[in-house]
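Chemist: This is the structure, below, for whatever I ask next.
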Amino acid sequence: MAGHTQNLTKDELWGGNASPFGVSYGKMMMWYFLVSDALTFGGLLTAYGVIRHGSSDPWPVGEQVFEALPALHGSYPLMYVALMTFILIISSVTMVLAVEAGHRRDKAGVIKWLGYTIIGGFFFLGSQAWEWSHFIHGSGGGFQLNKSLTVNGEMENGEKITMTLNAGSWVHMESDFGHAYEHALEGGHDAAPAAEHGHDAHAEHGASHEAEAAHVDAASMHPEALILNKYVLEHKNDKDIRKVKVTGEDCKKLWDAKANETFVFGANMHKNEYAVQQQYANFFFFVTGFHGFHVFSGVVINIIVWLMALGGEFDRRGHYETIEKIGLYWHFVDLVWVFVFTFFYLV
Amino acid sequence: MERDDLIVNDSYAINNTHSDEEGKKIRKKLYNVTVLLTVITIIEVFMGVAFKRNGTFAWESIKLGFIILTLVKAAYIVLIFMHLGDEKKSLKYVILLPYALFILYLIFIGLYEGVSVQELNSTWR
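Keeping their order, the protein sequence lines are chains A and B. Counting from 40, one number per residue, gives the positions in the first sequence under our numbering. Counting from 612, one number per residue, gives the positions in the second sequence under our numbering.
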């Protein structure tokens, strides 16, 4: 019964009596769906590029925004997203192995590899949940200045630098102090949100503990150091100006010039600590969220098909083409992430 | 699904079963691609950490390098993992050409708009 179209003439092949593309209707429609979905993501990423290119304020640097790892303190730029990318690539490989097993009518192989793919999908979703929560929670927060100032700071390599800041410039806090201050601000008028705010990554740090326990008055708190250009990078006089630490008298000067209504911790739909442009956070939420939703639906579909394979449905049909169709969808999800990874985190 | 019995008897047709030898060969190819994709990702992360995004010529070339590496990864995923490379030419082109056409146009128009918005922003802010 297998095809005899190879012997058909061109007229017969395209005349409606055979599949000119050599694939079943279902598989072809899966491809068409993926093309349309790829246009959606292409549109989103292009829109991101337009907004980013058109912005006259500096855009946050991925390497400086995404540098945290769960349960570890310190700077690990891009490690977490690299791990997420690796998880998704590996789950794509297990999926292609499931498809390959399907072509050999190997039921046990399909069940095994599709099972691993589902596990990989859950790992990715969990990672994304952690990343979102870290992004929303922020790492210290920041505020704007109410007047212009000139301060001296120190770069990461120990070099001294003098910075002139305009009114409205962003200043960021170190994470320990920032979190303690946030708790104190919340604790000042309502103790409940501070308690809800528990987050294990920072719970072990004394500063936030004390603030929570004693409900320190926010007005009496002073930072030991403040950071300029925490998430953005300026290039002036052949020097990269990033993460400039300001301590001592100058730190006090900055703190005294804080505009109280401008404090922001982490990110939400209205403001974010990473950038002046709210589009930065909004694009992050929408594009990674939309992709995460695709991963979520992919995992659900994979589970359904896994159960069908377990029940022997594809042996009854005589072929495992369904595995191939959901495989196409899963690879597409991986493909999109490859581009999101490049344009959100690397470039 | 009545049409399925008319599909050409190629390697990935519904009614074709791969033998164990064929499977072994395909798996070997898949493992090679896995290693390649992993290595490219590691290189990308290394480049992202080692070079500063400071708008100099070096960084602009690194940026271009990222885009090229991404396209290489994408090509391997589409052509090997989704085995579009093994499909008939007609299917390959009907998937790839319209997409390439639309997306190139979109990128062109997006960059064009972005540049002019940027000029307006820096002139009138």
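Cβ atoms here follow ideal geometry from the backbone N, Cα and C, with glycine treated the same way.
Whole-angstrom Cβ separation of Gln316 of chain A and Ser94 of chain A, contact assumed at under 8 Å?
Modeler: As a first step, residue 316 of chain A must be located in the first sequence, where it is residue number 277. As a first step, residue 94 of chain A must be located in the first sequence, where it is residue number 55. So it is a contact: roughly 6 Å between Cβ atoms.
Chemist: For the stretch 700 to 719 of chain B, which residues have a CB atom closer than 8 Å to at least one CB atom of chain D, in sequence order?
Modeler: Reference to chain D is not applicable here, since the protein chains of this structure are A and B.
Chemist: Who are the near neighbours of Ile365 of chain A in its chain, counting only those whose CB is closer than 7 Å to its CB and skipping five residues on each side?
Modeler: Looking up residue 365 of chain A in the first sequence gives position 326. Cβ within range, chain order: Ile340, Asn341 and Val344.
Chemist: Can you look up Glu193 of chain A in the DSSP assignment and give me helix, strand or coil?
Modeler: Translated into the one-based positions of the first sequence, residue 193 of chain A becomes position 154. Glu193 of chain A: strand per DSSP, three-state reduction.
Chemist: Classify Asp229 of chain A: buried if its beta carbon has 16 or more other beta carbons within 10 angstroms, exposed otherwise.
Modeler: Within the first sequence, the letter at position 190 stands for residue 229 of chain A. Any answer about Asp229 of chain A is weak, because its pLDDT of 46 lies below 50 and its placement is not dependable; what the coordinates show is given next. Exposed, by the Cβ-count rule.
Chemist: Could you name each continuous alpha helix (DSSP H) segment of 4 residues or more that falls completely within the stretch 308 to 383 of chain A, going from the start of the chain to the end?
Modeler: Within the stretch 308 to 383 of chain A, the complete alpha helix (DSSP H) runs of at least 4 residues are 317 to 322, 328 to 349, 352 to 356 and 360 to 379.
Chemist: Going residue by residue through the stretch 64 to 132 of chain A, where are the continuous alpha helix (DSSP H) segments of at least 4 residues, counting only ones entirely within it?
Modeler: Correct list: 64 to 93 and 101 to 104.
Chemist: Considering only residues of the same chain and omitting the five flanking positions on each side of Ser63 of chain A, which have a CB-CB separation below 7 Å?
Modeler: For the purposes of this step, residue 63 of chain A is taken as residue 24 along the first sequence, with counting starting at 1. Same-chain partners within the cutoff: Glu360.
Chemist: Kindly indicate if chain B contains any beta-carbon less than 9 Å away from that of Asp295 of chain A.
Modeler: Residue numbering aside, residue 295 of chain A sits at position 256 when the first sequence is read from its first letter. Taking Cβ atoms only, chain B never reaches closer than 9 Å to Asp295 of chain A, which makes this a no.
Chemist: At which residues does the alpha helix (DSSP H) containing Ile200 of chain A begin and terminate?
Modeler: Sequence index remark: in the first sequence, residue 200 of chain A carries index 161 (1-based). That residue, Ile200 of chain A, is in no alpha helix (DSSP H); its beta strand (DSSP E) goes Lys199 to Leu204.
Chemist: What's the gap between the Cα of Ile714 of chain B and the Cα of Leu293 of chain A?
Modeler: Here residue 714 of chain B refers to the residue found at position 103 of the second sequence. Here residue 293 of chain A refers to the residue found at position 254 of the first sequence. Ile714 of chain B and Leu293 of chain A: Cα-Cα distance of roughly 47 Å.
Chemist: Please list the terminal residues of the continuous beta strand (DSSP E) segment that includes Val283 of chain A.
Modeler: Here the question's residue 283 of chain A lines up with position 244 in the first sequence. Looking at the DSSP string, the run of the beta strand (DSSP E) that includes Val283 of chain A is Val283 to Thr286.
Chemist: Please state if the CB of Trp369 of chain A and the CB of Ser131 of chain A are separated by a distance shorter than 9 Å.
Modeler: Mapped onto the first sequence, residue 131 of chain A falls at position 92. Mapped onto the first sequence, residue 369 of chain A falls at position 330. The answer is yes: Cβ separation under 9 Å.
Chemist: Note the first and the last residue of the continuous beta strand (DSSP E) segment covering Glu273 of chain A.
Modeler: Position 234 of the first sequence, counted from the start, is the residue given in the question as residue 273 of chain A. Glu273 to Lys275 is the span of the beta strand (DSSP E), which, as asked, contains Glu273 of chain A.
Chemist: In angstroms, rounded to a whole number, what distance separates the CA positions of Thr201 of chain A and Thr189 of chain A?
Modeler: Position 162 of the first sequence, counting from 1, holds the residue named residue 201 of chain A. Position 150 of the first sequence, counting from 1, holds the residue named residue 189 of chain A. Taking the straight line joining both Cα atoms gives about 7 Å.
Chemist: How is His261 of chain A classed by DSSP in three states: helix, strand or coil?
Modeler: For the purposes of this step, residue 261 of chain A is identified with residue 222 of the first sequence, where counting begins at 1. DSSP places His261 of chain A in coil when its eight states are reduced to three.
Chemist: Would you decide whether Trp70 of chain A is buried or exposed? Buried here means 16 or more other CB atoms lie within 10 Å of its CB.
Modeler: Counted from its first residue, the first sequence places residue 70 of chain A at position 31. Trp70 of chain A comes out buried.
Chemist: Measure the C-alpha to C-alpha separation of Asp697 of chain B and Tyr623 of chain B and round it to an integer number of angstroms.
Modeler: Working through the second sequence from its first residue, we reach residue 697 of chain B at position 86. Working through the second sequence from its first residue, we reach residue 623 of chain B at position 12. The alpha-carbon atoms of Asp697 of chain B and Tyr623 of chain B are separated by roughly 8 Å.
Chemist: Enumerate in chain order the residues of its own chain whose CB-to-CB distance from Val104 of chain A is below 7 Å, with the five nearest sequence positions on each side excluded.
Modeler: Counting from one through the first sequence, the residue named residue 104 of chain A turns up at place 65. The answer, listed in chain order, is Tyr270 and Tyr313.
Chemist: Let me check understanding here. Comparing Cα to Cα, which of B:Val646, B:Ser630, B:Lys663 and B:Asp631 lies closest to Ile280 of chain A?
Modeler: Against the first sequence, residue 280 of chain A aligns to sequence position 241. Per the Cα distances, B:Lys663.
Chemist: Is there at least one Cβ from chain A nearer than 9 Å to Ala685 of chain B's Cβ?
Modeler: Locating residue 685 of chain B in the second sequence gives position 74, where the first residue counts as 1. Yes, because at least one Cβ of chain A sits closer than 9 Å to the Cβ of Ala685 of chain B.
Chemist: Do you know offhand how far Val726 of chain B's Cα is from Ala661 of chain B's?
Modeler: Position 115 of the second sequence, counted from the first residue, corresponds to residue 726 of chain B. Position 50 of the second sequence, counted from the first residue, corresponds to residue 661 of chain B. Using only the alpha carbons, I get a separation of about 28 Å.
Chemist: How about Ile696 of chain B: is its C-beta nearer than 9 Å to some C-beta of chain A?
Modeler: On the second sequence, position 85 is the one that residue 696 of chain B refers to. The displayed chain sequence assigns Gly, not Ile, to residue 696 of chain B. Cβ-Cβ to chain A under 9 Å: no for Gly696 of chain B.
Chemist: When the distance is taken between beta carbons, is Lys684 of chain B closer than 9 Å to Phe60 of chain A?
Modeler: For this step, residue 60 of chain A is matched to residue 21 along the first sequence. For this step, residue 684 of chain B is matched to residue 73 along the second sequence. Going by C-beta atoms, Phe60 of chain A is not nearer than 9 Å to Lys684 of chain B.
Chemist: Could you check how far apart the C-beta atoms of Thr156 of chain A and Met123 of chain A are, in whole angstroms? I think they sit under 8 Å.
Modeler: Residue numbering aside, residue 156 of chain A sits at position 117 when the first sequence is read from its first letter. Residue numbering aside, residue 123 of chain A sits at position 84 when the first sequence is read from its first letter. In fact, because the Cβ distance is near 16 Å, the residues do not count as touching under 8 Å.
Chemist: Phe692 of chain B versus chain A: which residues are under 7 Å apart at the beta carbon?
Modeler: As a first step, residue 692 of chain B is located in the second sequence; it is residue number 81 there, counting from the start. The contacting residues are Ser131, Val135 and His370.
Chemist: Taking buried to mean at least 16 other C-beta atoms within 10 Å of its own C-beta, is Val377 of chain A buried or exposed?
Modeler: Looking up residue 377 of chain A in the first sequence gives position 338. Per the 10 Å Cβ criterion, buried.
Chemist: Excluding the 5 residues flanking Arg91 of chain A on each side, which residues of the same chain have their C-beta closer than 6 Å to its C-beta?
Modeler: Start at 1 with the first residue of the first sequence, and residue 91 of chain A comes out as number 52. Result list for Arg91 of chain A: Trp98, in chain order.
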